[in-house]
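Novice: This structure is in structure tokens; I'll ask about it shortly.
There are 2 protein chains.
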Amino acid sequence: MNEATQTISDRIQDKLDDLTRAERQLALSILENYPASGLGPLTALAKDANVSVPTVARMVQKLGYKGYPDFQSELREELRAKAKSPIAKHDTWAGAAPSEHLLNRFTTAVIDNIRLTMGQIDPVKFDEACGLIADQSHHLFIIGGRVTHTLAEYFYLHMQVIRPNLTHVQSTSNTWPHYLLNAKKGDVFVIFDVRRYENNTLKLAEMAHARGARIILFTDQWRSPVHHLAEISLSCRIIVPSAWDSATTTMLLIETMISSVQNLNWSETKERMETLEDMFDQTKLFRKFT
Amino acid sequence: MNEATQTISDRIQDKLDDLTRAERQLALSILENYPASGLGPLTALAKDANVSVPTVARMVQKLGYKGYPDFQSELREELRAKAKSPIAKHDTWAGAAPSEHLLNRFTTAVIDNIRLTMGQIDPVKFDEACGLIADQSHHLFIIGGRVTHTLAEYFYLHMQVIRPNLTHVQSTSNTWPHYLLNAKKGDVFVIFDVRRYENNTLKLAEMAHARGARIILFTDQWRSPVHHLAEISLSCRIIVPSAWDSATTTMLLIETMISSVQNLNWSETKERMETLEDMFDQTKLFRKFT
DNA sequence: CCCGTGTTGTGATATTTTTTTCAAAATTTG
DNA sequence: CAAATTTTGAAAAAAATATCACAACACGGG
């Protein structure tokens, strides 16, 4: 059994369970920008991880090193070895896997999707969309499709905390008329529609549009037909090495939007979030995060 | 022109002519295995290069650093920057927006999350997990939490197409006993649990574990307590400039897993997908993608 | 609710590391 | 070739860094 094959990073992760809270916090901080932070002075590392100086000393001993200097010297040794090996310039995301591994191929594709999607987003339109969604004087409807309803729900889940006056329109088209009956001119519809585009969704969009609603559309690079009716269209690239399309980029955009809308409504959101936390505490559904 | 583009290595080479014999000897020794040797103690470096201790101190000052510690700190900074792959160094993803725009800040954070998450994924464990999930001889249970149930559902949605014999366990704990009654030894549970960790989920995991089920866990960098029971844990970094955590990285991992499992079961999946397409065509729920 | 166990941080102490001083060695120059 | 100049290294002084001992604290079990 050769221990040289195991990097210090691996070693830290293996021992993660044997570490205490503060030590784990430190360990994660080291991994955060590995190996640079571990090569600095102990004091700096401690401050960086928000733990006390002796915690660092104790952890490295738990990891099996004689002391912090010993730990550092091993780190340097590892760096030396890595610099010498010819595969040093290997530029993969999952470093432990070869570049042909699906983990790397998929990640590369997604990063590409993100780059291209962001490259063609109009920030003004984006901010405009956030403004519309943040505006509580109009009702907010959120609609997804067969696959995208999960994204719609994720969006809805967060919007619920940020603002009142919103509805998640479920896919079953029977219930639509009820929803639409309540839709007033100026109300905002957030619609998710990626290929293969759904007739249902288009129908609903048409009806909403006819009633004078404003539509914000999340779609793919080929754009759902709904985009003709939409005031703002956000198209995401969704190509990955798979039989299905990727929702990751769309997810990124959704989360950015959630964060942005939350900022616009911050004073109120804060209260709502605190109330929510209290309620969760009371029901003991969650443990406190330590 | 920014001097930050110049590495310390470059800087040493530029100044090589202004250095004295002993200093040059030292400089070349540093470049010999760069940057590891420069990150050790001054004394070791001096001995390594066969020069005296003060020579080192003098040289780094000639190079323009305040002292040896300053020199080291710059070296570490360089290492830090290098650790981020070239593509991750982008700071304006949405080219049309300034770098302080949320679109850019958020995307940068997510890319960082992806990089750090992938950096610590064990591809062997990942493949193992895919294998377990692809194995149709055991029942597959999928469980999410308050927020993560949307991810669980996304996963379930795709797994439905790939394989039979699976269940999406809804959050309401009333129904659990029924599900668990059917769980046999060797059945596979895919559990999503990110902070703030839910007691419900832990309870279910314990019951499942007690019945001899195998658990695959999607969690965050701090790892849900479920991970003690899990055969395979996949932890994603979820930090973004927002009041909430990001699910984007987890989404990426889920999609990669879907793709991988699908490849393992390809011959069968193909049939199932075609059947599904036919059914959708018949119900005219979707328009054909053109 | 208290106790005991285990964890964490503060401050003092010891060690190592860096800087400075100064004289010897090497190099240059007239 | 010798004097001036520069370079170099040994050793001491100064500064920083790491380790240690102990008290405060938090947590889980009785």
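If you read the protein sequences in the order shown, they are chains H and C.
In terms of the working numbering, the first sequence opens at residue -19 and continues consecutively.
In terms of the working numbering, the second sequence opens at residue -19 and continues consecutively.
Using N, Cα and C, we set each Cβ at its ideal position, and we do this for glycine too.
Reducing DSSP to helix, strand and coil, say where V174 of chain C ends up.
Specialist: Against the second sequence, residue 174 of chain C aligns to sequence position 194. In the structure shown, V174 of chain C sits in coil (DSSP, three-state: anything other than H, G, I, E or B).
Novice: Comparing the C-beta of N13 of chain H with each C-beta of chain C, is any distance below 7 Å?
Specialist: Reading the first sequence from its first residue, position 33 is the one you call residue 13 of chain H. Taking Cβ atoms only, chain C reaches closer than 7 Å to N13 of chain H, which makes this a yes.
Novice: Determine whether the Cβ of T87 of chain H lies closer than 7 Å to any Cβ atom of chain C.
Specialist: If you number the first sequence from 1, residue 87 of chain H lands on position 107. Output row for T87 of chain H: interface = yes.
Novice: Apart from the five residues just before and just after E186 of chain H, which ones in its own chain have a Cβ nearer than 7 Å to its Cβ?
Specialist: To locate residue 186 of chain H, count along the first sequence from 1; it is residue 206. Within the same chain, E186 of chain H has close Cβ partners L209.
Novice: For G47 of chain H, which residues in the same chain have their Cβ closer than 6 Å to its Cβ, ignoring the five residues on either side in sequence?
Specialist: Taking the first sequence and counting its residues from 1, the one referred to as residue 47 of chain H is at position 67. So the list is empty, once near-sequence residues are dropped.
Novice: From the DSSP output, in three-state form, read off H158 of chain H for me.
Specialist: Translated into the one-based positions of the first sequence, residue 158 of chain H becomes position 178. It is helical.
Novice: Could you tell me whether any Cβ in chain C is nearer than 7 Å to the Cβ of R60 of chain H?
Specialist: Stepping through the first sequence from its first residue, residue 60 of chain H is reached at position 80. Yes, R60 of chain H lies at the interface with chain C (some Cβ there is under 7 Å from its Cβ).
Novice: With a cut-off of 8 Å on the beta carbons, I'd call W73 of chain C and I94 of chain H a contact; round off their distance for me.
Specialist: Within the second sequence, numbered from 1, the residue matching residue 73 of chain C stands at position 93. Within the first sequence, numbered from 1, the residue matching residue 94 of chain H stands at position 114. Between I94 of chain H and W73 of chain C the Cβ distance is about 7 Å, and since that is below 8 Å, they are a contact.
Novice: Identify which residue in C:K105, C:W156 and C:D115 has its Cα closest to the Cα of N180 of chain C.
Specialist: Taking the first residue of the second sequence as position 1, residue 180 of chain C is located at position 200. Measuring from the Cα of N180 of chain C, the nearest candidate turns out to be C:W156.
Novice: Keeping to the same chain, check which residues put their C-beta closer than 6 Å to that of A114 of chain H; ignore five residues upstream and five downstream.
Specialist: Position 134 of the first sequence holds residue 114 of chain H. Result list for A114 of chain H: V241, L244 and N245, in chain order.
Novice: Are D200 of chain H and R176 of chain H touching if we call contact CB-CB under 7 Å?
Specialist: Counting from one through the first sequence, the residue named residue 200 of chain H turns up at place 220. Counting from one through the first sequence, the residue named residue 176 of chain H turns up at place 196. Result no, Cβ atoms of D200 of chain H and R176 of chain H do not sit closer than 7 Å.
Novice: Tell me where the alpha helix (DSSP H) around S17 of chain H begins and ends.
Specialist: Taking the first sequence and counting its residues from 1, one reaches residue 17 of chain H at position 37. S17 of chain H -> no alpha helix (DSSP H), and no H or E assigned at all.
Novice: Check the Cβ-Cβ distances between E235 of chain C and every residue of chain H, and say whether any is below 7 Å.
Specialist: Taking the second sequence and counting its residues from 1, the one referred to as residue 235 of chain C is at position 255. Yes, its Cβ sits closer than 7 Å to a Cβ of chain H.
Novice: Out of H:Y14, H:D173 and H:R252, point me to the one whose CA is closest to R217 of chain H's CA.
Specialist: Residue numbering aside, residue 217 of chain H sits at position 237 when the first sequence is read from its first letter. Out of H:Y14, H:D173 and H:R252, H:D173 has the C-alpha closest to the C-alpha of R217 of chain H.
Novice: Return the residue from the list C:T23, C:D(-2), C:A29 and C:E3 that minimises the CA-CA distance to N13 of chain C.
Specialist: Residue 13 of chain C sits at position 33 when you count from the first residue of the second sequence. Taking only the C-alpha atoms, the option nearest N13 of chain C is C:A29.
Novice: Which residues mark the beginning and the end of the alpha helix (DSSP H) in which I101 of chain H is found?
Specialist: To locate residue 101 of chain H, count along the first sequence from 1; it is residue 121. From DSSP, I101 of chain H is part of no alpha helix (DSSP H); its letter is neither H nor E.
Novice: If the criterion is Cβ atoms closer than 7 Å, does the pair I122 of chain H and Y136 of chain H meet it?
Specialist: The count along the first sequence starts at 1 and reaches residue 122 of chain H at position 142. The count along the first sequence starts at 1 and reaches residue 136 of chain H at position 156. In contact: I122 of chain H and Y136 of chain H (Cβ atoms closer than 7 Å).
Novice: Which first and last residues belong to the beta strand (DSSP E) in which S215 of chain H is found?
Specialist: Walking along the first sequence from the start, residue 215 of chain H turns up at place 235. From DSSP, the beta strand (DSSP E) with S215 of chain H extends over I212 to C216.
Novice: With DSSP run on the structure shown, which of helix, strand or coil describes R203 of chain H?
Specialist: Mapped onto the first sequence, residue 203 of chain H falls at position 223. Coil at R203 of chain H, not helix or strand.
Novice: Which one of H:G44, H:T147, H:L96 and H:R1 has the shortest CA to CA distance from T(-9) of chain H?
Specialist: Start at 1 with the first residue of the first sequence, and residue -9 of chain H comes out as number 11. Here residue -9 of chain H is Arg; the residue named in the question, Thr, does not match the sequence. When each option's Cα is compared against that of R(-9) of chain H, the closest is H:G44.
Novice: What first and last residue would you give for the alpha helix (DSSP H) that runs through V141 of chain C?
Specialist: Residue numbering aside, residue 141 of chain C sits at position 161 when the second sequence is read from its first letter. Run containing V141 of chain C: H129 to I142, per the alpha helix (DSSP H) assignment.
Novice: For T(-13) of chain H, which of H:K62, H:H189, H:P78 and H:T228 has the nearest alpha-carbon?
Specialist: For the purposes of this step, residue -13 of chain H is taken as the residue at position 7 of the first sequence. With distances taken between Cα atoms, T(-13) of chain H lies closest to H:K62.
Novice: Cα separation between V127 of chain C and S17 of chain C?
Specialist: Within the second sequence, numbered from 1, the residue matching residue 127 of chain C stands at position 147. Within the second sequence, numbered from 1, the residue matching residue 17 of chain C stands at position 37. Cα to Cα, V127 of chain C sits roughly 48 Å from S17 of chain C.
Novice: I need the straight-line Cα distance from L214 of chain C to L160 of chain H, nearest angstrom please.
Specialist: Working through the second sequence from its first residue, we reach residue 214 of chain C at position 234. Working through the first sequence from its first residue, we reach residue 160 of chain H at position 180. Using only the alpha carbons, I get a separation of about 42 Å.
Novice: I'd like to know if E251 of chain H contacts chain C, where contact means its C-beta is closer than 7 Å to some C-beta of that chain.
Specialist: Along the first sequence, read from residue 1 onward, the residue named residue 251 of chain H stands at position 271. By this cut-off, E251 of chain H is not an interface position.
Novice: Thinking C-alpha only, which one of C:L256, C:E211, C:A163 and C:G125 is nearest E178 of chain C?
Specialist: Numbered from 1 along the second sequence, position 198 holds the residue referred to as residue 178 of chain C. When only C-alpha atoms are compared, the closest one is C:G125.
Novice: Taking 8 Å as the limit between beta carbons, can you name the residues of its chain near L83 of chain H, skipping five residues before and five after?
Specialist: Taking the first residue of the first sequence as position 1, residue 83 of chain H is located at position 103. Same-chain partners within the cutoff: W73, A74 and A77.
Novice: How should V170 of chain H be labelled, buried or exposed, when 16 other C-beta atoms within 10 angstroms of its C-beta is the threshold for buried?
Specialist: Reading the first sequence from its first residue, position 190 is the one you call residue 170 of chain H. Label assigned to V170 of chain H: buried.
Novice: Among residues of its own chain, excluding the 5 on either side of H118 of chain H, which ones have a beta-carbon nearer than 6 Å to its beta-carbon?
Specialist: The residue labelled residue 118 of chain H in the question sits at position 138 within the first sequence. Excluding sequence neighbours, H118 of chain H sits near G166, D167 and V168.
Novice: Using the beta-carbon count (16 or more within 10 Å), is S204 of chain H buried or exposed?
Specialist: One-based indexing of the first sequence puts residue 204 of chain H at position 224. S204 of chain H comes out buried.
Novice: With C-beta atoms as the reference, is R56 of chain H less than 7 Å away from L182 of chain C?
Specialist: In the first sequence, the residue the question calls residue 56 of chain H occupies position 76. In the second sequence, the residue the question calls residue 182 of chain C occupies position 202. In this structure, L182 of chain C does not lie closer than 7 Å to R56 of chain H by Cβ.
Novice: If the cut is a Cβ gap below 9 Å, which residues of chain C does G99 of chain H touch?
Specialist: Residue mapping note: residue 99 of chain H aligns to position 119 of the first sequence, counting from 1. Ordered by position in chain C, the residues that pass the 9 Å Cβ test against G99 of chain H are W73, A74, G75 and A76.
Novice: Does DSSP put V220 of chain C in a helix, a strand or coil?
Specialist: To locate residue 220 of chain C, count along the second sequence from 1; it is residue 240. Looking at V220 of chain C - three-state DSSP - the assignment turns out to be coil, as it is neither helix nor strand.
Novice: Looking at P221 of chain C and R60 of chain C, is the spacing between their C-beta atoms short of 7 Å?
Specialist: Indexing the second sequence from 1 puts residue 60 of chain C at position 80. Indexing the second sequence from 1 puts residue 221 of chain C at position 241. Their beta carbons are not under 7 Å apart, which means R60 of chain C does not touch P221 of chain C by this criterion.
Novice: Under 7 Å between C-beta atoms, does G18 of chain C make it to chain H?
Specialist: Residue numbering aside, residue 18 of chain C sits at position 38 when the second sequence is read from its first letter. For G18 of chain C, the answer is no, since every Cβ of chain H falls outside 7 Å of its Cβ.
Novice: Going by beta-carbon coordinates alone, are I101 of chain C and A68 of chain C separated by less than 7 Å?
Specialist: Numbered from its first residue, the second sequence carries residue 101 of chain C at position 121. Numbered from its first residue, the second sequence carries residue 68 of chain C at position 88. Taking 7 Å as the Cβ cut-off, I101 of chain C and A68 of chain C do not qualify as a contacting pair.
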